[in-house]
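FYI, the numbering for the sequence shown is 7 to 193, going by my numbering.
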Amino acid sequence: KTGKTWYGGSPSYTYASMQGDYAVRLTDTDQMAVNVLTLLQRPVRDGASDIRTLRLGLRYGHRFSGGGNLQASVSWSDTRSDTVNITSQGKTAALSYSFARPIAGSEVSLTLGRQWNDYNRYRIGPFLVPGGRGDDTLFGSLNMVFTKVDYAGFVPSITISAAKTDSNISRFDTSRFGVQFGIQSAF
Numbered sequence: 007k008t009g010k011t012w013y014g015g016s017p018s019y020t021y022a023s024m025q026g027d028y029a030v031r032l033t034d035t036d037q038m039a040v041n042v043l044t045l046l047q048r049p050v051r052d053g054a055s056d057i058r059t060l061r062l063g064l065r066y067g068h069r070f071s072g073g074g075n076l077q078a079s080v081s082w083s084d085t086r087s088d089t090v091n092i093t094s095q096g097k098t099a100a101l102s103y104s105f106a107r108p109i110a111g112s113e114v115s116l117t118l119g120r121q122w123n124d125y126n127r128y129r130i131g132p133f134l135v136p137g138g139r140g141d142d143t144l145f146g147s148l149n150m151v152f153t154k155v156d157y158a159g160f161v162p163s164i165t166i167s168a169a170k171t172d173s174n175i176s177r178f179d180t181s182r183f184g185v186q187f188g189i190q191s192a193f
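In structure tokens:
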């Protein structure tokens, strides 16, 4: 896949990515999948460094006899650039559960996870931060798809999400809360 990203009406960077997925059914109720993504981002402005990312992921899924689904996933990423503050390594672990029966007339799923990002070398102005930068993020979301409100094959959805990041550099300590409304295909 290739493309170009714009920011504020001006071109920001071009990109090219390749992704591969492989899944294997372990039993009638269990599945394992592995995925690999490689991404190259080339900034449009002169003097900016390319960004190269490699991401590896592993996902396990289990369908319960009552119909609910549990997924556990882990991933690792490595991002490199000549720009010191971009080079990082990340790890993510998450659990997701999709309920078997509708709740309040909607299909409901929950996700909880944790993400760690390490920037071995991090610069603030002319100074390198001793030990680099480390971010630790807890996140969660609740997704509801209202399948009973079908119009021409489309249904409304709502996602409520929250995340809290603790960093050794205080300006990256954040708390986020979001509500997203959407319309998606019923198929």
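Note that beta-carbon positions come from the ideal geometry of N, C-alpha and C, so glycine has one too.
The Cβ-Cβ distance between L60 and D88 does not fall below 7 Å. Around the beta carbon of G67, a 10 Å sphere encloses 16 or more other beta carbons of the protein chains shown; the residue is thus reported as buried. The region 134-154 and the region 94-113 touch, with no fewer than 3 CB-CB distances between them shorter than 8 Å. A direct Cα-to-Cα measurement between F178 and N123 gives close to 12 Å. Residue environment analysis places D141 among the buried positions, since at least 16 neighbouring C-beta atoms fall within 10 angstroms of its C-beta.
Taking C-alpha positions only, S18 is separated from F183 by approximately 27 Å. In this structure, L62 and A78 do not form a Cβ contact; the two beta carbons are roughly 15 Å apart against a cut-off of 8 Å.
Cβ contact annotation for Y21 (same chain, cutoff 6 Å, sequence separation greater than five): G9, Q47, in chain order. When secondary structure is reduced to three states using DSSP, R65 falls in the strand class. Where Y125 is concerned, the enclosing beta strand (DSSP E) starts and stops at 113-125.
In this structure, the CA atom of V135 is about 11 Å from the CA atom of N91. Per DSSP, the continuous beta strand (DSSP E) segment holding Y28 begins and ends at 16-31. Checking the DSSP bridge columns, you'll see N149 partnered with S115, T165. Counting every other CB atom within 10 Å of its CB across the protein chains shown gives Y125 a total of 16 or more, marking it as buried. Boundaries of the beta strand (DSSP E) around Y103: 94-104. Cβ-Cβ distances below 7 Å link S191 to G159, F160 in the same chain, with the five nearest sequence neighbours on each side left out; the list follows chain order. Going by C-alpha positions, R86 is about 16 Å away from G53. By the Cβ neighbour-count rule, T143 is buried, with 16 or more other Cβ atoms within 10 Å of its own. Looking at the backbone, the Cα of A106 and that of Y13 are separated by about 41 Å.
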